[in-house]
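S.K.: Quick one: this structure, given as structure tokens, is what I'll be asking you about.
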Amino acid sequence: MEPFVFFGGKGGVGKTTVSCAYGVKSARSGLDTLVVSTDPAHSVSDVFEQSFGDDPQPVDGVDGLSAMEIDPDTEVQRHLNGIRQSLSDQVSAAMVNEITQQLEMAHQTPGAYESALFDRFVDVMRESDPYDRVVFDTSPTGSTLRLLGLPEFLEGWIDRLMHKREKSIDLFEKAAIGNNEPRRVMDGDPVLNRLRERKEFFEFAGGALRSDAAFFFVLNPDQLSVNETRRAIGEMADNDLAVRGLVANKLTPEPDDDEDGRGARYLRDRVNTETERLAEVRETLDPPLVAEIESRTAEVKGSLLDDVADELDVETAAEAPTFVG
Amino acid sequence: MDLSDRIERFRRIVREWARGLYHGLVTHPAYEKIEKEAEDVEDAFILACFPDAFGIPSPVSYYTAELLPFLEDEFEAWERRLWDRGTYLERKGQQYHF
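Residue numbers (the UniProt record's numbering), protein chains in the order written: chain A, 1 to 325; chain B, 1 to 98.
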């Protein structure tokens, strides 16, 4: 299977548990595995009971497994500082104030977090060399889909910007009479160069997502979750990305037949509802249901994670990336 | 001063006047027009990069902000031109020197 595996889904369905369990499963089968959390509300640390930062750190007790948590705040700040640095190298002091204002505004726009996350996870894919498998625990459905839809959208945007820039430089060159120096020259224009770099970055991201990534959705056996999953699959298809499989999490355990207390009746009713939902998932949704994970009485961590990993019927063998490299 | 010198001087003056007239009437307005057009395209470029300067949130301004260090002159000129420009008609009319 593809080296990059994404787990997505509605908030609270257990994406983190499933991604961590899959990470453990991959590591146990001998793959060097990295679990990356791109959800600003991080919980990978809670699952492994160990704190992780922006750089991959080995997980205690599981050989070959590392984890990291991407913090969008830090990423936005890093980006801002990088530009500030090149500003002070390039721009006269008088203009710095003017431009800094614009710069800070750009880093407070609604898209800044998403862009920062996107940049970072593409970097992770690009530098995935030491790992055979990278598991992404993504943020809830909406923002993840927007993240994955970004490359194509941005490529088109950059194209239009480059076209405008080229046109204005071309006109400036034509306007330079005789021996006059044109105000801008096409050769080595730093703005065009920067745009071109960005375009390559987005092309890489799009290619890596399309050819080296597999997507799974985690859902709970209730109507809201099933509906959202159906919509999400549709949106993924709009972005030309196929969902490989669905993972049903938090299934209610069935009571024994001879039990007839209040608790047993409750469980039996609940199981009936869930069976209906699961049947609906099997019949109406296209991606196959690859795992059914029972709800646990305790939080899933430690040895419970191994149990969950066993229930995950997702193959672990990783192919080498075809696009990245 | 003999005749040939006077003819030579006369021809030089005529040539200079002709070149001046041609430049003032034809080449300069033409180049000015092209340069103005170039500025207009550049304005559109910068506006596309930084619509949030006008309160229009843009999903890409995070990325276009990377261009700011290289756009120092353009950015300043852009702001100046935007303040300066009453109407589009006025801007287009500037090339006709009545």
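Think of the CB as a built atom: it goes at the ideal place given N, C-alpha and C, for glycine as much as any other residue.
1) Whole alpha helix (DSSP H) runs in the segment 47-95 of chain A with 4 or more residues, listed along the chain?
2) To the nearest angstrom, report how far apart R12/B and E181/A are at their CA atoms.
3) Whose Cβ in chain B lies nearer than 8 Å to the Cβ of H107/A?
4) Listed in chain order, which residues of the segment 16-27 of chain B have Cβ atoms closer than 8 Å to some Cβ of chain A?
5) I'd like to know if L68/B contacts chain A, where contact means its C-beta is closer than 9 Å to some C-beta of that chain.
6) May I ask which residues mark the beginning and end of the beta strand (DSSP E) holding F216/A?
7) When you compare the CB of D89/A with every CB in chain B, is at least one pair closer than 9 Å?
8) Contact defined as beta carbons within less than 8 Å: I believe G9/A pairs with V243/A. What is the distance between those atoms, to the nearest angstrom?
9) Could you tell me which of E200/A, G302/A, A112/A sits nearest to E152/A, measuring between CA atoms?
10) Is the CB of E69/A under 9 Å away from at least one CB in chain B?
11) Report the residues of the segment 167-188 of chain A with a CB closer than 7 Å to any CB of chain B, ordered along the chain.
12) What number of angstroms, rounded off, separates the C-alpha of E72/B from the C-alpha of T284/A?
13) Considering only residues of the segment 222-298 of chain A, which uninterrupted alpha helix (DSSP H) runs meet the minimum length of 4 residues and lie entirely inside it, listed in chain order?
14) Please confirm whether D2/B has its beta-carbon closer than 9 Å to some beta-carbon of chain A.
15) When the cut-off is 9 Å and only beta carbons count, does Y31/B lie next to chain A?
16) Roughly how many angstroms separate the alpha carbons of D60/A and E315/A, rounded to a whole number?
17) Among the residues of its own chain, which have a CB less than 8 Å from the CB of A298/A, if the five just before and after it don't count?
18) Within a Cβ cutoff of 6 Å, which residues of the same chain sit near F323/A, ignoring the five residues on either side of it in sequence?
19) Give the interface partners of F45/B over in chain A, defined as CB-CB distance under 8 Å, in chain order.
20) Report yes or no: do three or more beta-carbon pairs, one from the segment 112-123 of chain A and one from the segment 74-92 of chain A, lie closer than 8 Å?
21) Could you tell me which residues DSSP pairs with T33/A in its beta bridges?
22) Please report how far the alpha carbon of A18/B lies from the alpha carbon of L154/A, in whole angstroms.
23) Less than 9 Å separating the beta-carbons of L34/A and S128/A?
24) Indicate the three-state DSSP secondary structure (helix, strand or coil) for V60/B in the structure shown.
25) Among all the DSSP beta bridges, which residues are the ones paired with G8/A?
26) Does the beta-carbon distance from V62/A to A27/A come in below 9 Å?
27) Going along the chain, which residues of its own chain have a beta-carbon closer than 8 Å to the beta-carbon of E254/A, five neighbours each way excluded?
28) Compare the Cα-Cα distances from P221/A to each of G12/A, F7/A, M1/A and report the closest residue.
29) Where does Y96/B fall in DSSP's three states?
30) Of all Cβ atoms in chain B, is any one closer than 9 Å to the Cβ of A21/A?
31) Kindly confirm or deny that the segment 152-171 of chain A and the segment 64-71 of chain A touch, where touching means at least three C-beta pairs closer than 8 Å.
32) If you count every other CB in all the chains shown that lies within 10 Å of the CB of H23/B, and 16 or more means buried, which is it?
33) I want to see whether chain B comes within less than 9 Å of R194/A, judged by CB atoms only; does it?
34) Using 8 Å as the Cβ pair cut-off and three pairs as the minimum, do the segment 255-262 of chain A and the segment 221-236 of chain A touch?
35) Report the CB separation of E292/A from L251/A in whole angstroms; it is logged as a contact under 8 Å.
36) Hey, is L82/B's beta-carbon within less than 9 Å of any beta-carbon in chain A?
M.R.: Reading from the atomic positions:
1) 72-90
2) 28 Å
3) Y62, A65
4) T27
5) yes
6) 213-219
7) yes
8) Not quite, the Cβ-Cβ distance comes to about 10 Å (not below 8 Å), so this is no contact.
9) E200/A
10) no
11) K167, S168, L171, F172, K174, A175, I177
12) 56 Å
13) 223-238, 262-284
14) no
15) yes
16) 24 Å
17) L304
18) G207, A208, S211, D212
19) L161, K164, R165, S168
20) yes
21) L65/A, R133/A
22) 53 Å
23) yes
24) coil
25) F217/A
26) yes
27) L267, R268, V271
28) G12/A
29) coil
30) no
31) no
32) exposed
33) yes
34) no
35) 6 Å
36) no
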